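**Student:** First the structure, then my questions, so here it is.
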Amino acid sequence: MKYLHLIWASLARHKARTFFTLLSVVAAFLLFGLLDSVNGAFSQAGHSVRDAHRLITTSKMGLTFTLPLSLYSQIRAVPGVEAVTHMSWFGGYYRDPKNFFSNFAVASNYFDLYPEFKLPPAELRAYEDTRMGAVVGAALARRFHWTVGDEIPLKASIFPQKSGSGTWTFDLVGIYRDSTHKGQENQMFFHWKYFDEAAAFGNGRVGWYVEQIAHPSQSARIARAIDALSANSGHETLTQTSSAFAADMVSQFADIGLIVRSIMGAVFFTLILLTGNTMTQAVRERIPELGILKTLGFSNRGVLSLVLAESVMVLLLGGVAGMALAAAAVSLIQAKYGASVPMLPVGVSEWLRSVGLMALIGLAVGALPARRGMRLRVVDALAGR
Amino acid sequence: MSALIEIRNLSKVYERGRQRIEVLHHIDLEVAQGDFVALMGPSGSGKTTLLNLIGGLDSPTDGKIAVAGKRIDRLGQGQLARWRAGHVGFVFQFYNLLPMLSAQRNVELPLLLTKLPGARRRQNAAVALQLVGLADRATHKPGELSGGQQQRVAIARAIVSDPTLLVCDEPTGDLDRQSATDVLTLLQQLNRDHGKTIVMVTHDPKAAEYASHILHLDKGTLVESAEAAA
């Protein structure tokens, strides 16, 4: 700590240069914080403890292919399966296609298999008793300012009604919360029975099945048994764990992790070049000053440490500011858009990882200039050589 | 008086590519404890090289240098750095202060290498500044001080850790006559009142008059020694 003012003075030597270097570090870590938050939200999908106890059975052909309802009782009979439910992608939107969100027609026992969706008992009963009833997540309700008792018209992008109408009207009877995964609060569920009776096509079929199993260790055996039910049929199935299913869903959009890693790789590479160049220039200009320090008795290792500390300090100052901005931005985005934007709050592990990265980059960019400072001969340095 | 500095058969050779430049040839010298020696000679005679060797900034090619009985010619880089921190104060022609630090912080620099607590470091630096008559300029940065004042800050930095030996390389070379007189008077005072042994390189005969001994160096050899008028 007693050398802090010395490091600070070095940074203050060229205020404009330090400011712009800091700005580039701030921008890099702001981007890192935001992208890491998005990546975290995607990679967390399907990784809860409860997810370990759930399997998903889809058509082997892909998610857009449906399965017959007749499979329900067959799957239920597979040893190790404790309960089965099913759900179907509806693909409706509210008033305007830009108001996109996930909405599903689900079996009546859906909420039994997803106890993490907390619905007040009275609202659950109301849902069970209302044929056109629907339940939405708290984030979705906030987004559209919906309250229990509202009538919600959804425009169908896939399934028109038998009557020819493209608008399905639902009674909002409940709002659920998921305190662990806020991203799950942006969905809407309604009765598959109502959907099946009213839809112009696709009747008697479901999107996919969800199985609750007692022991995650048996998941491979159970999955094989379920898929064997449809082997060589016109609706062969693929049963996988909840996390694998979630990863499949995400990969339909893109490999988020790869995109994030690629962007951050490019950003940090540029940052290393930029700050490395700045540090090299800063040390070159200060060679006589480093010579003075050595004259006064600072050791080679001491000078090396000072230059490295200066470099790490730049990264820490800019990086912490960037991460703080990212944390604030994520909070603001979540407050405004809720879970419709998949982001995780910037938590302790993200902070620790980013601080580690700051230190690592700081050491990397400071290494060469610090080595030069360390190897300076005093008489040469004093002569400005 | 016993010899603080003892130099025997000292040589220094620089190699520039294939060229071999012998800067100092077989120098023998003794500087007594509490002496004030002026080292004079034409440019390129090896004055600064000899001063650098005495101050432990460079190592000899051959020969022996002992300061207060310590063979500094045998010390490695790290050991020399530690030795300099504890035993030598340096004053240069161009002051060599760190421009971003205040006078107080500049003077405090050598004390950062000690185990003194912050308050004590600040107190010692303040005393050193007071000794050179710049207590009221403690918060000023070098750019806000005159040349003479900057050199006095450099002297305060040189004495703050109470070294036995002060080595001064053309300390008045960049100063006007009045400032030069002030600086030389200060050095003389440090020598006489505080017992500091001083070795000073200078071109200026008037500056050399403040020393108690004058040594002349020419082409890397000590040619004559004289008692100064002072």
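Line order of the protein sequences matches chains A and B.
The first sequence lines up with residues 7 to 391 when you count with the numbering used here.
The second sequence lines up with residues 1474 to 1703 when you count with the numbering used here.
For each residue, glycine too, the CB sits at the ideal point set by N, CA and C.
Nothing here was measured: the structure is a model prediction, and the numbers come from that model.
Which chain B residues sit within Cβ distance under 7 Å of His-11/A?
**Tutor:** In chain order: Arg-1578.
**Student:** Closer than 7 Å by C-beta to Thr-247/A: which residues in its own chain qualify, once you throw out the five before and the five after it? Chain order, please.
**Tutor:** Closer than 7 Å at the Cβ level, and outside the excluded window around Thr-247/A, lie Leu-61 and Ser-225.
**Student:** Of the choices Ala-1592/B, Glu-1479/B, Gly-1646/B and Asn-1579/B, whose alpha-carbon is the least far from that of Ile-298/A?
**Tutor:** Answer by Cα proximity: Asn-1579/B.
**Student:** Please work out which residues of its chain come closer than 7 Å, Cβ to Cβ, to Ile-219/A, disregarding the five sequence neighbours upstream and downstream, and give them in chain order.
**Tutor:** Answer for Ile-219/A: His-59, Leu-61, Gly-86, Val-87, Glu-88, Ser-225 and Ile-228, listed in chain order.
**Student:** Which parts of the segment 1510 to 1553 of chain B are runs of the alpha helix (DSSP H), unbroken and 4 residues or longer, counting only runs that do not cross its ends?
**Tutor:** Whole alpha helix (DSSP H) segments, 4+ residues: 1520 to 1527.
**Student:** Could you check what DSSP says for Ile-164/A in three-state terms: helix, strand or coil?
**Tutor:** Looking at Ile-164/A - three-state DSSP - the assignment turns out to be coil, as it is neither helix nor strand.
**Student:** When you compare the CB of Ser-317/A with every CB in chain B, is at least one pair closer than 8 Å?
**Tutor:** No, Ser-317/A does not count as interfacial toward chain B.
**Student:** Given 8 Å as the limit, is there contact between the segment 152 to 160 of chain A and the segment 171 to 181 of chain A, that is, 3 or more CB pairs closer than that?
**Tutor:** Flag = yes, the segment 152 to 160 of chain A and the segment 171 to 181 of chain A touch.
**Student:** With 16 as the cutoff for other CB atoms within 10 Å, does Lys-1520/B come out buried or exposed?
**Tutor:** Result: buried.
**Student:** Here's a check: name, in chain order, each residue in its chain whose Cβ is nearer than 8 Å to the Cβ of Arg-1475/B, leaving out the five neighbours to either side.
**Tutor:** Correcting the residue identity first, residue 1475/B is Ser in this sequence and not Arg. Counting only Cβ-Cβ distances below 8 Å, and skipping sequence neighbours, we find Ala-1505 and Gln-1506.
**Student:** Can you list, in chain order, the residues of the segment 1582 to 1596 of chain B whose Cβ is nearer than 7 Å to any Cβ on chain C?
**Tutor:** No chain C is present in this structure, whose protein chains are A and B.
**Student:** Taking only beta-carbon positions, decide if Ser-311/A is within less than 8 Å of chain B.
**Tutor:** No - not a single Cβ of chain B is within 8 Å of the one on Ser-311/A.
**Student:** Pairs of beta-carbons, one from the segment 1493 to 1503 of chain B and one from the segment 1654 to 1672 of chain B, closer than 8 Å: are there three or more?
**Tutor:** Flag = no, the segment 1493 to 1503 of chain B and the segment 1654 to 1672 of chain B do not touch.
**Student:** Excluding sequence positions up to five away, which residues of its chain have a Cβ less than 6 Å from the Cβ of Ala-1703/B?
**Tutor:** Because the pLDDT at Ala-1703/B is just 49, under 50, the model does not fix this residue reliably, and the point stays unresolved.
**Student:** For Thr-276/A, does the count of other Cβ atoms within 10 angstroms reach 16, so buried, or fall short, so exposed?
**Tutor:** Flag for Thr-276/A reads exposed.
**Student:** Since I believe Tyr-120/A is in contact with Leu-312/A (beta carbons under 8 Å), could you give me their beta-carbon distance rounded to a whole number of angstroms?
**Tutor:** Leu-312/A to Tyr-120/A, Cβ: 57 Å. No contact.
**Student:** Identify whether Val-309/A lies in helix, strand or coil by the three-state DSSP scheme.
**Tutor:** Of the three classes helix, strand and coil, the one that applies to Val-309/A here is helix, per DSSP.
**Student:** Here's a check: name, in chain order, each residue in its chain whose Cβ is nearer than 7 Å to the Cβ of Phe-1567/B, leaving out the five neighbours to either side.
**Tutor:** Within the same chain, Phe-1567/B has close Cβ partners Asp-1647.
**Student:** Give the DSSP-derived three-state secondary structure of Phe-150/A in the structure shown.
**Tutor:** If DSSP states are grouped into helix, strand and coil, Phe-150/A belongs with the helices.
**Student:** For the alpha helix (DSSP H) that Glu-295/A lies in, which residues bound it at each end?
**Tutor:** Residues 293 to 302.
**Student:** Looking at C-alpha atoms only, which residue of Phe-251/A, Ala-335/A and Val-212/A is the closest neighbour of Pro-74/A?
**Tutor:** Cα-wise, what sits closest to Pro-74/A is Val-212/A.
**Student:** Can you have a look at Asp-184/A and say buried or exposed, based on whether 16 or more other CB atoms are within 10 angstroms of its CB?
**Tutor:** Flag for Asp-184/A reads buried.
**Student:** If we count Cβ pairs, one from each stretch, closer than 8 Å, do we get three or more for the segment 278 to 294 of chain A versus the segment 1549 to 1562 of chain B?
**Tutor:** These segments do not touch.
**Student:** Just how far apart, CA to CA, sit Gln-80/A and Thr-63/A?
**Tutor:** Answer to the nearest angstrom: the Cα atoms are 12 Å apart.
**Student:** Alpha carbon to alpha carbon, how far is Trp-14/A from Glu-316/A? Give it in angstroms, no decimals.
**Tutor:** If you take the alpha carbons of Glu-316/A and Trp-14/A, they lie about 8 Å apart.
**Student:** Between which two residues does the beta strand (DSSP E) carrying Glu-122/A extend?
**Tutor:** Premise fails: Glu-122/A is in no beta strand (DSSP E) and is neither H nor E.
**Student:** Among all the DSSP beta bridges, which residues are the ones paired with Gly-1562/B?
**Tutor:** The partner list for Gly-1562/B (beta bridge, DSSP) reads Leu-1639/B.
**Student:** By a C-beta neighbour count over all protein chains shown, 10 Å radius and 16 as the cutoff for buried, is Arg-292/A buried or exposed?
**Tutor:** Arg-292/A comes out buried.
**Student:** Say whether chain B places a C-beta atom closer than 8 Å to the C-beta of Thr-301/A.
**Tutor:** By this cut-off, Thr-301/A is an interface position.
**Student:** Please state whether DSSP places Phe-251/A in a helix, a strand or coil.
**Tutor:** Three-state DSSP puts Phe-251/A in a helix.
**Student:** Out of curiosity, what's the CA-to-CA distance linking Val-385/A and Ala-1608/B?
**Tutor:** Using only the alpha carbons, I get a separation of about 31 Å.
**Student:** Does DSSP put Asp-386/A in a helix, a strand or coil?
**Tutor:** Residue state, collapsed to three classes: helix.
**Student:** Leaving out the 5 sequence neighbours to the left and right, which residues in its chain are closer than 6 Å to Met-319/A when beta-carbon positions are compared?
**Tutor:** For Met-319/A, where only same-chain residues beyond five positions count, the Cβ hits under 6 Å are Ile-13.
**Student:** May I have the straight-line CA-CA distance separating Gln-340/A from Lys-124/A, to the nearest angstrom?
**Tutor:** Between Gln-340/A and Lys-124/A, the C-alpha separation is close to 20 Å.
**Student:** Just mark Leu-1533/B as buried or exposed, buried being the case when its beta carbon has 16 or more other beta carbons within 10 Å.
**Tutor:** Residue identity check: residue 1533/B is Pro in the sequence provided, not Leu. That one is buried.
**Student:** Would the segment 1574 to 1594 of chain B and the segment 1630 to 1640 of chain B be scored as touching if the rule is three or more Cβ pairs under 8 Å?
**Tutor:** Output reads yes: the segment 1630 to 1640 of chain B touches the segment 1574 to 1594 of chain B.
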